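Heads up: the structure comes next, in structure tokens.
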């Protein structure tokens, strides 16, 4: 096999979505869509090549790749590509949208570019700019459907995420004052001693970036933005935006020497456990199916943070969980978009009998519900299992117990509601959904296949990339 | 105390006073004037530091502070008030400003105490705690106010805090000017775009608890 020059891969990764963002603005809507799709596919192809080659190295003062960024790039570009392809049908069903299709595709491409830029830079300051750019690019996408709730959700998202990122910027100021550099790769290779300013910087970065990850109690923007954004954008929010923010935190976290200072580990555990439990119980009382999935994403992020805190095999589990969840949750949101379009409501108690009215989407929804909540043999199951095993390995039985409780509560909450919507009897007075609208399920099944493949470790290149990424963070893959 | 430290401390106290004033005000127009004054004081501080250190970056930051946060955004905000055809007092905060003011003073004391216990040894300069106090005051404003225009003012206060801290402690922080430009772009997006959409769709800057966003 001929290996791709990593510089060429990087160039394609950065150029394709940025060119798509600009060229999508051409007046013809179909050409705009074609350009956006082509940009997403080129970026995905480049990310796959870099992952397969295990690209690592630095190019210039600010660009670089390693196993961790390779894995995240694969995940981000895959969800970006499927979301762009899924968007066509979704946009056709909108009445008087706030944005034209051209602006929509331009903003989605810019949003993807911002996330990719976070993953390919070595400088923590530039990484912060990339995370902030995701807010700017995606805020307007939330108001696509021109509803008062959408505007309020966009407002809360922009304000709360930016407030959090200001705290993250304070963390970087502190880190720079203590170390004299913001070169994340250099700091990770030669970690400074864990002095109080360094630990405070990491703690502030956890709070700051944690706001964007959706950690409790800074999560309040998350269910609003995820539920009000158009479904392909919700898929990108839940599937890859939250992990991208977590990636930015991981790069700051890498600055700490081994073993992780007790204060930081305890803080991570507190945020992780608080988030997983709060989300698992909050999702029980949701009336909107998109908010249900938003809280489920929050629960998964909580579990991933617990895995990071525990280190070892649990850290590897956290990475498996994050990647598998990205594919499974995007599938769930694609199905949500189809159901929303067909039924005209996002209320759980107003949707029934999807097995009769939207059989293909309903089926994909049931499978994706199981996948996002960690049912075997999906990758989410493997990730969650490894986190529990990791907690037991280090003797934190109570943490393992809490993780199991959160997983079970979330599993029952999500799947019982989906089961009711898919298999429940049609409500009196409601008309059956239009079967012609039973579309978009192919993208859901495609992403579910990835989530499954990760679970049975059928992607050898991906598996080796994940192992290398976990090792880089101090984890121990099985 | 040398001359430079005196200027830094004096202007810093002025910035802190504007922060406390903003917490105790419910009329929107004076709030906009207040944040413009705070940005202007920051400009003075940045200008002084730029002159005394011969730093071009700090001079650019001073230009951004006066151009964007002291003049442009306050101007747009005042136009927004007129465009909303909306009275100039925040509805929900009017009867709570005393509580907000007391909370602001208490929070300032707590933030100062935490700073002394943790970071004072690394930042021994007089007034070094002020940017951190300003940051928590901005967060308090964002958390306690329900009016979107007032929340923009909270956001601008946070941005002022970051610029203030960067200028005092991390003079050679790489790409700091670019970071601040980015924050300003976001500020302009907030006031210029999302507020305008809100005006078109809801007709009011007061946030309401929407049934769809419950839970």
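Protein chains in written order, with my numbering: chain A, 81 to 558; chain B, 8 to 222. We put the CB at the ideal spot given by N, CA and C, even for glycine. These figures come from a predicted structure and were not determined experimentally.
Contacts that residue i makes with chain A (C-beta to C-beta distance below 7 Å)
i	result
residue 185 (chain B)	209
residue 19 (chain B)	Chain A residues near residue 19 (chain B): none, gap ~17 Å exceeds 7 Å.
Contacts that residue i makes with chain B (C-beta to C-beta distance below 8 Å)
i	result
residue 203 (chain A)	181 and 182
residue 238 (chain A)	193, 196, 197 and 201
residue 215 (chain A)	193
residue 484 (chain A)	Here the premise fails: no neighbours, minimum Cβ distance about 25 Å.
residue 231 (chain A)	201, 204, 205, 208 and 209
residue 273 (chain A)	Ordered by position in chain B, no residue passes the 8 Å Cβ test against residue 273 (chain A), which lies about 14 Å from the chain.
Within chain B, partners of residue i - CB distance below 7 Å
i	result
residue 138 (chain A)	Under the 7 Å cutoff, chain B gives no residues; its nearest Cβ is about 16 Å from residue 138 (chain A).
residue 276 (chain A)	125
residue 302 (chain A)	By Cβ distance, chain B contributes nothing, its closest Cβ being about 12 Å from residue 302 (chain A), past 7 Å.
residue 101 (chain A)	By Cβ distance, chain B contributes nothing, its closest Cβ being about 16 Å from residue 101 (chain A), past 7 Å.
residue 212 (chain A)	189 and 193
residue 223 (chain A)	204
residue 494 (chain A)	Here the premise fails: no neighbours, minimum Cβ distance about 15 Å.
residue 183 (chain A)	Simply none; closest approach about 12 Å.
Per-residue contacts from residue i into chain A (C-beta, under 8 Å)
i	result
residue 135 (chain B)	In chain order: nothing, as chain A lies at least about 11 Å away.
residue 177 (chain B)	253, 256 and 257
residue 42 (chain B)	By Cβ distance, chain A contributes nothing, its closest Cβ being about 15 Å from residue 42 (chain B), past 8 Å.
Interface residues of chain B facing residue i [CB-CB closer than 9 Å]
i	result
residue 250 (chain A)	138, 139, 142, 168, 169 and 172
residue 280 (chain A)	125 and 126
residue 243 (chain A)	145, 146, 149, 150, 161, 162 and 165
residue 246 (chain A)	142, 145, 146, 162, 165, 166, 168, 169 and 190
For residue i, the three-state DSSP class (helix, strand or coil)
i	result
residue 263 (chain A)	strand
residue 154 (chain B)	strand
residue 150 (chain A)	helix
residue 361 (chain A)	helix
residue 78 (chain B)	helix
residue 180 (chain B)	coil
residue 555 (chain A)	strand
residue 31 (chain B)	coil
residue 368 (chain A)	strand
residue 427 (chain A)	strand
residue 335 (chain A)	coil
residue 179 (chain A)	coil
residue 440 (chain A)	helix
residue 527 (chain A)	helix
residue 133 (chain B)	coil
residue 346 (chain A)	helix
residue 164 (chain B)	helix
Residue i versus the options, residue with shortest Cα-Cα distance
i	options	result
residue 336 (chain A)	A:258, A:377 and A:386	A:258
residue 58 (chain B)	B:43, B:35, B:11 and B:136	B:11
residue 422 (chain A)	A:226, A:261, A:398 and A:174	A:174
residue 193 (chain A)	A:365, A:295, A:92 and A:553	A:92
residue 129 (chain B)	B:149, B:19 and B:177	B:177
residue 95 (chain A)	A:120, A:350 and A:109	A:120
residue 173 (chain B)	A:245, A:396, A:254 and A:241	A:254
residue 219 (chain A)	A:232, A:207 and A:424	A:232
residue 154 (chain B)	B:22, B:33, B:17 and B:26	B:33
residue 286 (chain A)	A:464, A:389, A:159 and A:502	A:389
residue 368 (chain A)	A:235, A:427 and A:377	A:427
residue 28 (chain B)	B:181, B:193 and B:145	B:145
residue 488 (chain A)	A:284, A:191 and A:380	A:380
residue 130 (chain A)	A:556, A:544 and A:553	A:544
residue 112 (chain B)	B:18, B:205 and B:23	B:23
residue 104 (chain B)	B:31, B:195, B:51 and B:187	B:31
Contacts that residue i makes with chain E (C-beta to C-beta distance below 9 Å)
i	result
residue 421 (chain A)	Among the protein chains in the structure shown, which are A and B, there is no chain E.
Bridge-paired residues (DSSP) for residue i
i	result
residue 293 (chain A)	Answer is none; residue 293 (chain A) lacks a bridge partner.
residue 200 (chain B)	Per DSSP, none; premise fails for residue 200 (chain B).
residue 201 (chain A)	A:143
residue 137 (chain A)	A:145
residue 392 (chain A)	A:555
Under 9 Å (Cβ pairs) to chain A, residues found in the stretch 153-170 of chain B: Hits within the stretch, in order: 155, 158, 159, 161, 162, 165, 166, 168 and 169.
Scan the stretch 457-473 of chain A for residues whose Cβ lies nearer than 9 Å to a Cβ of chain B and list them as they occur along the chain. none
Taking a cut of 8 Å between CB atoms, which residues from the stretch 107-125 of chain B lie near chain A? 125
Chain A contacts from the stretch 186-208 of chain B (Cβ-Cβ distance under 8 Å): Cβ contacts with chain A: 186, 189, 190, 192, 193, 196, 197, 200, 201, 204, 205 and 208.
Please list the residues of the stretch 303-334 of chain A that have a C-beta atom closer than 7 Å to any C-beta atom in chain B, keeping them in chain order. 304
Between the stretch 354-377 of chain A and chain B, which residues of the former have CB atoms less than 8 Å from a CB of the latter, in chain order? Across the stretch 354-377 of chain A, CB contacts with chain B closer than 8 Å involve 362, 365, 366, 367, 368 and 371, in sequence order along the chain.
Just by C-beta distance, which residues in the stretch 20-33 of chain B are closer than 7 Å to chain A? Within the stretch 20-33 of chain B, no residue qualifies.
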